[in-house]
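Enquirer:
2 protein chains.
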Amino acid sequence: MDAIGRIEKALSAALAVAEGAGRPPRLAEAMRYAVFPRGARVRPRLCLAVAMACGEDVPELTDAAAAAIELLHCASLVHDDLPCFDDAATRRGKPALHVAFGEPLAVLAGDALIVLAFQALARAGAAEPARLVTLLGIIGDAVGMPFGIAAGQAWECEPRVDLGAYQRAKTGSLFAAACMAGAAAAGMPAAPWRAVGEKLGEAYQVADDLRDAAADEAEAGKTTGRDAVLGRPSAALTLGIPAAVRHLEDLVGDAAAAVPDCPGRGALETLILVEARRLVPKSLALTAA
Amino acid sequence: MDAIGRIEKALSAALAVAEGAGRPPRLAEAMRYAVFPRGARVRPRLCLAVAMACGEDVPELTDAAAAAIELLHCASLVHDDLPCFDDAATRRGKPALHVAFGEPLAVLAGDALIVLAFQALARAGAAEPARLVTLLGIIGDAVGMPFGIAAGQAWECEPRVDLGAYQRAKTGSLFAAACMAGAAAAGMPAAPWRAVGEKLGEAYQVADDLRDAAADEAEAGKTTGRDAVLGRPSAALTLGIPAAVRHLEDLVGDAAAAVPDCPGRGALETLILVEARRLVPKSLALTAA
Numbered sequence: 001m002d003a004i005g006r007i008e009k010a011l012s013a014a015l016a017v018a019e020g021a022g023r024p025p026r027l028a029e030a031m032r033y034a035v036f037p038r039g040a041r042v043r044p045r046l047c048l049a050v051a052m053a054c055g056e057d058v059p060e061l062t063d064a065a066a067a068a069i070e071l072l073h074c075a076s077l078v079h080d081d082l083p084c085f086d087d088a089a090t091r092r093g094k095p096a097l098h099v100a101f102g103e104p105l106a107v108l109a110g111d112a113l114i115v116l117a118f119q120a121l122a123r124a125g126a127a128e129p130a131r132l133v134t135l136l137g138i139i140g141d142a143v144g145m146p147f148g149i150a151a152g153q154a155w156e157c158e159p160r161v162d163l164g165a166y167q168r169a170k171t172g173s174l175f176a177a178a179c180m181a182g183a184a185a186a187g188m189p190a191a192p193w194r195a196v197g198e199k200l201g202e203a204y205q206v207a208d209d210l211r212d213a214a215a216d217e218a219e220a221g222k223t224t225g226r227d228a229v230l231g232r233p234s235a236a237l238t239l240g241i242p243a244a245v246r247h248l249e250d251l252v253g254d255a256a257a258a259v260p261d262c263p264g265r266g267a268l269e270t271l272i273l274v275e276a277r278r279l280v281p282k283s284l285a286l287t288a289a
Numbered sequence: 001m002d003a004i005g006r007i008e009k010a011l012s013a014a015l016a017v018a019e020g021a022g023r024p025p026r027l028a029e030a031m032r033y034a035v036f037p038r039g040a041r042v043r044p045r046l047c048l049a050v051a052m053a054c055g056e057d058v059p060e061l062t063d064a065a066a067a068a069i070e071l072l073h074c075a076s077l078v079h080d081d082l083p084c085f086d087d088a089a090t091r092r093g094k095p096a097l098h099v100a101f102g103e104p105l106a107v108l109a110g111d112a113l114i115v116l117a118f119q120a121l122a123r124a125g126a127a128e129p130a131r132l133v134t135l136l137g138i139i140g141d142a143v144g145m146p147f148g149i150a151a152g153q154a155w156e157c158e159p160r161v162d163l164g165a166y167q168r169a170k171t172g173s174l175f176a177a178a179c180m181a182g183a184a185a186a187g188m189p190a191a192p193w194r195a196v197g198e199k200l201g202e203a204y205q206v207a208d209d210l211r212d213a214a215a216d217e218a219e220a221g222k223t224t225g226r227d228a229v230l231g232r233p234s235a236a237l238t239l240g241i242p243a244a245v246r247h248l249e250d251l252v253g254d255a256a257a258a259v260p261d262c263p264g265r266g267a268l269e270t271l272i273l274v275e276a277r278r279l280v281p282k283s284l285a286l287t288a289a
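Protein chains in written order, with this note's numbering: chain C, 1 to 289; chain A, 1 to 289.
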């Protein structure tokens with residue numbers, strides 16, 4: 001099965017538990033709506049790619065780690081889109097969850113997806129408890145305080161923003177976790193993978209800023225132009241678009257160069273460079289060519 | 001150290017991690033605001049009491065499980081109080097978190113507290129990975145879908161409410177988890193403790209309905225009369241107050257009778273009966289006398 005097939009199967013299996021008999025039906029529907037149909041699945045694909053490069057030996061643990069990371073990402077999108085944050089009307093080309101299901105179910109779907117991530121991880125990790133402990137630490141740190149996604153989002157609520165901390169936490173943390181979890185699921189040391197994920201996360205943040213500034217809504221699959229409207233930090237607005245594109249390319253090169261020694265190192269470096277081309281909005285790739 | 005001392009110390013230790021250098025300060029403050037000063041700490045005290053009755057041998061694991069349960073309870077209160085749910089002005093005798101810190105930080109504090117619960121549990125469970133796996137399952141199920149707190153809250157969003165499922169999930173699940181986690185932290189089978197927790201949870205829900213219907217706000221420490229205003233299910237409103245008080249007493253008796261055979265069984269039965277007296281609002285205890 002290819003990487004996307006594995007990821008979709010693992011996500012569906014996790015959601016199937018939440019959809020067990022006796023569930024409140026609308027919350028179960030809202031959770032599935034938040035996770036399917038899929039976005040790019042960038043983080044879980046990264047997790048699988050690293051695990052395979054490390055010679056994975058317990059694929060069901062990799063799958064659960066990847067699914068947990070994507071569930072947490074989906075949860076953060078649902079909560080970020082709420083009226084009290086971005087008040088986004090659309091997400092992945094369809095109405096945002098709070099628009100489709102109402103605000104209460106959007107709050108609860110985010111909460112239940114966070115919990116589901118840990119439930120899925122715990123279930124798959126029962127046979128490999130030592131690796132489970134490492135994975136829980138990596139993934140918990142990437143979403144909680146003081147450096148995870150929730151911390152990153154909270155920097156938007158501070159009177160003075162530490163821009164580096166904001167971006168590292170809001171985007172970099174989960175990319176770092178995706179790489180580190182891939183290694184940990186394969187029983188390899190996780191720490192050397194942090195730099196790869198952080199560089200890719202930074203690149204992805206720049207690409208996201210570029211999409212918000214320059215892509216049309218059909219290509220982005222969500223409301224664009226929000227950074228300027230909301231006065232949020234944006235590499236595209238600060239550096240200008242051509243310099244931001246060059247910065248993105250440098251970051252991707254740094255990420256590929258940071259890949260630690262491992263059985264699949266060459267293939268992973270190539271994958272990173274190929275995938276990175278998909279990050280830049282089509283209109284900009286032409287502009288910068 | 002007495003039970004409350006252990007619980008407060010474990011909660012403070014968990015929060016200290018979230019308050020590490022580099023944190024967004026207001027989210028860290030909001031999280032502490034959600035957890036301190038303490039409420040009754042009913043669930044973590046129950047967890048410790050069961051662990052001690054089972055002859056606990058790894059108290060730091062009990063403490064982490066109890067803290068995780070309380071952090072999840074506090075998270076659920078913060079999210080329940082949001083304008084899109086109860087829109088509560090006060091909680092534990094002070095402004096509700098979203099009133100004091102704003103709605104964005106209330107959403108994020110709840111999210112970060114959920115994650116912190118799993119972080120704290122994973123850290124303490126590293127030395128006892130088999131027990132950790134059991135605890136993660138018990139605690140995850142108690143807050144997620146299809147039967148945990150989030151599911152319980154979601155029944156409020158359904159056109160047709162399964163009242164039993166609603167109350168079991170919204171309140172019973174975390175009481176059951178508190179008892180089961182106490183046993184699991186002590187290395188004993190958890191399943192026989194479910195019934196004790198479920199009965200106590202049901203008793204606590206009836207007591208909460210009574211407080212909402214009949215206690216004044218100073219005694220309850222929060223806005224009262226919300227069940228009638230919001231049309232929520234309430235034993236006090238359905239049965240009438242005297243019958244609801246009798247029902248509560250029956251449930252507490254059932255809980256004490258359900259305590260499984262264990263080294264501290266007698267002491268635990270007594271503790272349950274004594275603690276239960278604190279559940280009934282003072283004015284009603286007089287009325288029913």
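Don't be surprised by glycine CBs; every beta carbon is placed ideally from N, CA and C.
1. Could you spell out where the alpha helix (DSSP H) holding Lys9/A opens and where it closes?
2. For Asp80/C and chain A, any beta-carbon pair shorter than 7 Å?
3. Which residues does DSSP pair with Lys94/C in a beta bridge?
4. If you measure from the beta carbon of Ala112/A to each beta carbon in chain C, is any gap under 7 Å?
5. Pull out every residue of the stretch 26-39 of chain A whose Cβ sits closer than 8 Å to any Cβ of chain C, in chain order.
6. To the nearest angstrom, how far is the alpha carbon of Lys199/C from that of Ala235/C?
7. Could you check the C-alpha separation between Gly225/A and Asp212/A for me, to the nearest Å?
8. Jot down the residue ranges of each uninterrupted beta strand (DSSP E) in the stretch 46-83 of chain C, minimum 3 residues, whole runs only, in chain order.
9. So Gln119/C and Val17/C are in contact, right, with Cβ under 8 Å, and what is the actual spacing, rounded?
10. Suppose you measure from the CA of Leu286/C to the CA of Arg246/C; what does that come to, to the nearest Å?
11. For Asp250/A, does the count of other Cβ atoms within 10 angstroms reach 16, so buried, or fall short, so exposed?
12. Please tell me whether Thr134/A and Ala65/A are closer than 7 Å, where the distance is taken between their beta carbons.
13. Can we say the stretch 215-222 of chain A touches the stretch 88-96 of chain A, given the rule of at least three CB pairs closer than 8 Å?
14. If you reduce the DSSP assignment to three classes, tell me which class Gly152/C lands in.
15. Do we get a CB-CB distance below 7 Å when we pair Leu174/A with the residues of chain C?
16. Exposed or buried, Pro24/A, counting other C-beta atoms within 10 Å across all chains shown (16 or more means buried)?
17. Just the C-alpha distance for Glu70/C and Ala142/A, rounded to the nearest angstrom, thanks.
18. Terminal residues of the continuous alpha helix (DSSP H) containing Leu279/A?
19. Using a cut-off of 9 Å between C-beta atoms, extract the partners of Arg92/A located in chain C.
20. Identify each residue in the stretch 54-80 of chain A for which the Cβ-Cβ distance to at least one residue of chain C is less than 7 Å, and report them in chain order.
21. Would you report the Cα separation of Leu268/C and Val196/C, rounded to the nearest angstrom?
22. How would you write the range of the alpha helix (DSSP H) that Ser290/C sits in, first residue to last?
23. In the stretch 135-148 of chain A, which residues sit with their C-beta less than 8 Å from some C-beta in chain C, listed in chain order?
24. According to DSSP, simplified to helix, strand and coil, what is Glu103/A?
25. Which same chain residues, not among the five before or five after Ala176/A, have their C-beta less than 7 Å away from its C-beta?
26. What separation, rounded to the nearest whole angstrom, lies between the Cα atoms of Pro83/A and Leu82/C?
27. For Trp155/C, I'd like the list of residues in its chain whose CB is within less than 6 Å of its CB, leaving aside the five on either flank, ordered along the chain.
28. Note down, in chain order, every chain C residue with its Cβ under 7 Å from the Cβ of Gln153/A.
29. For Leu116/A, which residues from the same chain have a beta carbon less than 7 Å from its beta carbon, with the 5 sequence-adjacent residues on both sides left out?
30. Which value, in whole angstroms, describes the spacing of the CA atoms of Ser173/A and Phe147/A?
31. Would you identify the three-state DSSP class for Asp216/C, choosing helix, strand or coil?
32. Grouping DSSP H, G and I as helix and E and B as strand, with all else coil, what is Pro44/C?
33. On a CA-only basis, which of Ala178/A, Pro159/A and Leu210/A is nearest Arg26/C? Give me that one, please.
34. So that I know if they touch, is there some Cβ in chain A lying closer than 7 Å to that of Leu105/C?
35. Just to confirm, are Met188/C and Cys54/C a CB contact at a threshold of 7 Å?
36. Taking just the CA atoms, how far does Ala109/A sit from Ala28/A?
Expert: According to the structure shown:
1. Ala3 to Ala18
2. no
3. Arg91/C
4. yes
5. Arg26, Leu27, Ala28 and Met31
6. 15 Å
7. 5 Å
8. none
9. 7 Å
10. With a pLDDT of 43 at Leu286/C, under the threshold of 50, the modelled position of that residue is not reliable, and the figure given next carries that caveat. Cα to Cα, the separation comes out at about 13 Å.
11. exposed
12. no
13. yes
14. helix
15. no
16. buried
17. 22 Å
18. Unbroken run through Leu279/A: none, as it is neither H nor E.
19. Within chain C, no residue comes near Arg92/A; the closest Cβ sits about 21 Å away, beyond 9 Å.
20. His79
21. 11 Å
22. The structure shown has nothing for residue 290/C, since chain C only spans 1 to 289.
23. Leu136, Gly137, Gly140, Asp141, Val143, Gly144, Met145, Pro146, Phe147 and Gly148
24. helix
25. Ala142, Arg194, Gly197, Glu198 and Gly201
26. 13 Å
27. Val161 and Tyr166
28. Leu108
29. Ala14, Ala18 and Leu71
30. 7 Å
31. coil
32. helix
33. Pro159/A
34. yes
35. yes
36. 8 Å
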